[in-house]
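Line by line, the protein sequences are chains A and B. Residue numbers for the first sequence follow our numbering, so the first one is 378 and each next one is one higher. Residue numbers for the second sequence follow our numbering, so the first one is 378 and each next one is one higher. Cβ atoms here follow ideal geometry from the backbone N, Cα and C, with glycine treated the same way. Everything on this sheet refers to the single structure shown next.
Protein chains: 2
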Amino acid sequence: LSQGDLSAVRGWLDEMRIQDIAQALMTLDGEVRRDVFRLLPPGRRADVFAYLDPHHQLQLIRQVSVDEGRHLLSEMLPDDLTALLEDLPKDEVRQLLRLLPFRSIRRALTLLGYPEDSCGRLMTTAVVSVRPDWSMARALDHLRVQAGRGETVNLVYVTDEEGGLLGVLALKHFLKSRVDVPVSELMTGRVVSIDAHAPQEEALRMMRHYDLPALPVVDRDRELLGIITVDDVLDVEQEESTEDFQKMGAVGSLHLSLRQAHPWLLYRKRVGWLLILVAVNIIGGFVIAGYEEAIEALVVLVFFLPLIIDSGGNAGAQSATLMVRALATGEVQPRDWLRLWGKELGVATALGATMALAVSGLGLWRGGMEIAVLVSVAMMLVVLVGSLVGMILPLLLARLRLDPATASTPLVTSIADVAGIMIYFGLAATLLGLHGQ
Amino acid sequence: LSQGDLSAVRGWLDEMRIQDIAQALMTLDGEVRRDVFRLLPPGRRADVFAYLDPHHQLQLIRQVSVDEGRHLLSEMLPDDLTALLEDLPKDEVRQLLRLLPFRSIRRALTLLGYPEDSCGRLMTTAVVSVRPDWSMARALDHLRVQAGRGETVNLVYVTDEEGGLLGVLALKHFLKSRVDVPVSELMTGRVVSIDAHAPQEEALRMMRHYDLPALPVVDRDRELLGIITVDDVLDVEQEESTEDFQKMGAVGSLHLSLRQAHPWLLYRKRVGWLLILVAVNIIGGFVIAGYEEAIEALVVLVFFLPLIIDSGGNAGAQSATLMVRALATGEVQPRDWLRLWGKELGVATALGATMALAVSGLGLWRGGMEIAVLVSVAMMLVVLVGSLVGMILPLLLARLRLDPATASTPLVTSIADVAGIMIYFGLAATLLGLHGQ
């Protein structure tokens, strides 16, 4: 970077928001990134650093001086620090911990002690609390000190001496001038809270259901440990959906963006399901092998094979998608199965009838009346069976407390295909008087 | 409900949160629902009402007296009211509007004037603003009045006389006792804001990127119209993902839960794609028709047909899922295509080689050396082509500014199937010296 460039870059950096600077830095090459980072006023460096990906944070820590690295790490919020540490191999974690003051190490290790994807990992421990017997004036003094330290104060939690959660107070109560009343008089008791070991999806569900901007996280004795804010769960929601998408596409969870994922990782996440599905499809092959004589006698049967089996698979994919998503959002429960079953039966019958009508003309043209009847009846049954497989498989998995999204579109399609082959050739043998081996 | 039940129910209602009461009410039958609703203390009725689904809100409005209905509607927040009105047929809207005071009607009609899924539909107009030249003391007085009215005040926006957005002030600034300075001195200028006509996903993206708890909504002249809070976009995120899921499963957007959707609606949302895919699969049939002689000569070819074509479809489904989701979350841009293409080529080649190896033994057993070679080479190519179709189709759609999720799993599978049939029989004709018609 030349001198003229430097001042231009410095000018841009002043104009830009920290999140945009962080994003821009991540597109730069290592050396240039460090140089641009150094152009930031020291006061903004830690803020920008917090918005980098863990991978880039680590790189940068290695490029700056030990003192600067220590400063950057110690300025991170506890939850951001945990997010960095949990993504690193053990050696790196040890190296980084050496840079941190003892208090931060203890705090980071405590947070890392909670299970992955638990609320304990997501919460921020920077939470302001007051006592119920304090006057509002005393509580306000306490808040002023905390607000000066830059901590979150939109909701003020009320705890007893041992830190047990008693209630919550909206910040707006402090705007009114009733300073002489005790905190207990204005606070809302019976606060919704969540255990630190609960899964993050549970926090998301509660905040959505109760419309909460923040959720206090407690331990088994209801001691206040931290809070989860709604912007934290925004990412949880996206990660959850991405995981479900990947499962539905018969890909293992990546936990990494498609850009960053190494080809070898992508290979491993995909090959397993592809091989399992080969096994399913080989069954289809053996069913066909049982009807080789029928095929030799009437080769036109093969003409309709892709059409019939794919239609069953497609109808199954539709049902499975609707069911998996409805189970994931909680709008449908496994106990609703009877009602859903009836509805799906009706819809699938109507779809099958429409599809049968659509292909009957083609059957007539390619193979005459008998083939037209065979193809229509097969289509009807295949769409019906495919739809029901797509509906039942996710429900069954949910009942067994497995993830319904394991009933991926390719799995449902392959199972429906095998069923389709059986139905089609079985019908052909029966209706046309052909016989298998 | 007997008298004894009544007092028990009343006791429960006192203990329960409004959101839980709303959810419980929606599971009850019409008459009972009205009776239980009447048991609520008048002060809580409007709160509970706001959490009912539009469908249940309308039912309840019809069951209560005109005065009560008017009260319930007038207590609703502008954005909740809009959500109710936008889901109703025109006649119903007209009936409801008759119950509302003129001010609410005007406000509701203004909000309904914004396009569906725009920020204008999502925002709440209950926003507190102060002037830059006011002293903090005067601003605080203003806030006290507004907070008393129950409006949202965690962020205070600063506007000029015409309502033009100038800055924002965190509520915590009011905690400090510097009452003599003007608002302009403490406010943050250059606020991130969004146009009322912008799509809701854009608001979600901005709030996620800039980590904002609320986003001010402005018109073309930067006049402040309302705010969107992060809990509003939590639902947007879920709706977006659900829509993408449904598209990926080749189902039209339902905009309704699977439980509520009428079978006829489900039929219509599914039949279109099923019929389009029939057309794709008929192409596969015609390709097969071209090789009928080859099939008659070597019927074992049909044994491997489902295996080969499904494997291509499954690999394609995997790629399409990864690509559609990465495009939806923004972690991948259409301009990255070259890099993604190279990666996919590598992954797909490795997958194809593995799959070829897996089926070579089966080929040897069922048909000897020549068939083993044919099946392995076909599998390799089919997985490669399927993967590339799954990758390119969503990227192509994104480049054409269409929704990448239109490249649904069933569509990609069907296209890959046709390609697979061509590759398989084409190779068979070449390698084994068989010929088509």
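Just list the residues that DSSP pairs residue i with in beta bridges.
i: glycine 544 (chain A); result: A:Val535
i: isoleucine 605 (chain A); result: A:Leu592
i: proline 559 (chain B); result: B:Ser512
i: isoleucine 571 (chain A); result: A:Val594
i: threonine 565 (chain A); result: A:Val545
i: proline 576 (chain A); result: A:Ser495
i: glutamate 600 (chain B); result: B:Gly541
Quick one: which chain A residues come within Cβ less than 7 Å of residue i?
i: glycine 689 (chain B); result: What glycine 689 (chain B) touches in chain A: nothing, since even the nearest Cβ is about 10 Å away.
i: aspartate 794 (chain B); result: Pro683, Asp687
i: glutamate 329 (chain B); result: Lying outside 378 to 814, the shown extent of chain B, residue 329 (chain B) is not represented and no answer is given.
i: phenylalanine 551 (chain B); result: Leu552
i: alanine 503 (chain B); result: Neighbours of alanine 503 (chain B) on chain A: none; closest Cβ ~13 Å, over 7 Å.
i: threonine 786 (chain B); result: Gly626, Ala694, Thr786
i: leucine 520 (chain B); result: Leu552
Run through chain B and tell me which residues come within less than 7 Å of residue i, C-beta to C-beta.
i: alanine 806 (chain A); result: By Cβ distance, chain B contributes nothing, its closest Cβ being about 15 Å from alanine 806 (chain A), past 7 Å.
i: phenylalanine 680 (chain A); result: Gly662, Ile665, Ala666
i: glutamate 708 (chain A); result: Ser634, Leu635, Arg636
i: tyrosine 801 (chain A); result: The contacting residues do not exist; tyrosine 801 (chain A) stays about 11 Å from chain B at best.
i: leucine 651 (chain A); result: Ser688, Asn691, Ala692, Leu728, Met732
Return the chain-ordered list of same chain residues with a C-beta closer than 7 Å to the C-beta of residue i, the five sequence neighbours on each side being excluded.
i: serine 451 (chain B); result: Leu477, Pro478, Ser481
i: valine 760 (chain B); result: Ser688, Gly689, Ala692, Ala725, Leu728, Gly729, Met732
i: proline 711 (chain B); result: Leu772, Ala775, Arg776
i: glycine 626 (chain A); result: Ser785, Thr786
i: aspartate 457 (chain B); result: Ala427
i: methionine 403 (chain B); result: Leu429, Asp430, His433
i: aspartate 494 (chain B); result: Pro576, Gln577
Output needed for residue i: all residues of its chain with C-beta closer than 8 Å, excluding positions within five of it in sequence on either side, in chain order.
i: isoleucine 604 (chain B); result: Met500, Thr501, Val504, Thr529, Leu532, Tyr534, Ala591, Leu592, Pro593, Val594
i: aspartate 596 (chain B); result: Asp572, Ala573, Leu602
i: leucine 465 (chain A); result: Pro431, Leu435, Leu473
i: aspartate 537 (chain B); result: Arg508, Pro509, Leu543
i: glycine 707 (chain B); result: Arg582
i: valine 613 (chain A); result: Leu499, Gln577, Glu578, Ala580, Leu581
i: methionine 513 (chain A); result: His550, Phe551, Arg555, Val556, Asp557, Val558, Pro559, Val560, Leu563
i: valine 425 (chain B); result: Ile395, Ile398, Ala399, Leu402, Phe414, Leu417
i: asparagine 658 (chain A); result: Ser791, Asp794, Val795
Can you pull the chain B residues whose beta carbon is under 9 Å from the beta carbon of residue i, in chain order?
i: glutamate 614 (chain A); result: Leu611, Glu614, Gln615, Ser618
i: glutamate 673 (chain A); result: Ile672, Glu673, Val676
i: glutamine 396 (chain A); result: His586, Tyr587, Asp588
i: proline 455 (chain A); result: Chain B residues near proline 455 (chain A): none, gap ~16 Å exceeds 9 Å.
i: arginine 498 (chain A); result: Those within 9 Å of arginine 498 (chain A) in chain B number zero; the least Cβ separation is about 18 Å.
Looking only at its own chain, which residues have a Cβ that is under 6 Å from the Cβ of residue i, when we skip the five neighbours before and after it?
i: arginine 411 (chain A); result: Gln440
i: proline 781 (chain B); result: Val701, Leu704, Pro771, Leu774, Ala775
i: methionine 768 (chain A); result: Ser696, Met700, Glu721
Run through chain A and tell me which residues come within less than 9 Å of residue i, C-beta to C-beta.
i: alanine 516 (chain B); result: Within chain A, no residue comes near alanine 516 (chain B); the closest Cβ sits about 10 Å away, beyond 9 Å.
i: methionine 712 (chain B); result: Before going on, a small fix: residue 712 (chain B) reads as arginine here, not methionine. Chain A residues near arginine 712 (chain B): none, gap ~12 Å exceeds 9 Å.
Give me the chain A residues within the contact set of residue i, using Cβ-Cβ distance strictly less than 8 Å, ordered along the chain.
i: serine 791 (chain B); result: Asp687, Asn691
i: glutamine 623 (chain B); result: Thr698, Leu699, Arg702
i: isoleucine 798 (chain B); result: Pro683
i: valine 655 (chain B); result: Leu684, Ser688, Met732, Ala735, Val736
i: leucine 809 (chain B); result: Near leucine 809 (chain B) there are no residues of chain A at all, since even the closest Cβ is about 17 Å away, more than 8 Å.
What residues of chain B sit near residue i, judged by a beta carbon separation below 8 Å?
i: arginine 647 (chain A); result: Ala692, Gln695, Val724, Leu728
i: aspartate 557 (chain A); result: In chain order: nothing, as chain B lies at least about 17 Å away.
i: aspartate 608 (chain A); result: Met584, Arg585, Asp588, Leu589, Pro590, Val607
Comparing the CB of residue i with every heavy atom of the ligand FAD, is any distance shorter than 7 Å?
i: glutamate 562 (chain A); result: This structure does not include the ligand FAD; it has no bound ligands of any sort.
>> Going residue by residue through the stretch 447-507 of chain B, where are the continuous beta strand (DSSP E) segments of at least 3 residues, counting only ones entirely within it?
In response: Secondary structure remark: continuous beta strand (DSSP E) runs of at least 3 residues inside the stretch 447-507 of chain B, in chain order: 504-507.
>> My parser needs the alpha helix (DSSP H) runs of 4 or more residues fully inside the stretch 658-733 of chain B; what are they?
In response: List check, alpha helix (DSSP H) in window: 669-674, 677-706.
> For the stretch 576-587 of chain B, which residues have a beta carbon sitting closer than 9 Å to at least one beta carbon of chain A?
Replying inline: Closer than 9 Å at the C-beta level to chain A, one finds these residues of the stretch 576-587 of chain B: Leu581, Met584, Arg585, His586, Tyr587.
> Going along the chain, which residues of the stretch 720-739 of chain A sit with their C-beta nearer than 8 Å to a C-beta in chain B?
Replying inline: Residues of the stretch 720-739 of chain A that bring their beta carbon within less than 8 Å of a beta carbon in chain B comprise Lys720, Gly723, Val724, Ala727, Leu728, Thr731, Met732, Ala735, Val736, Leu739, in sequence order.
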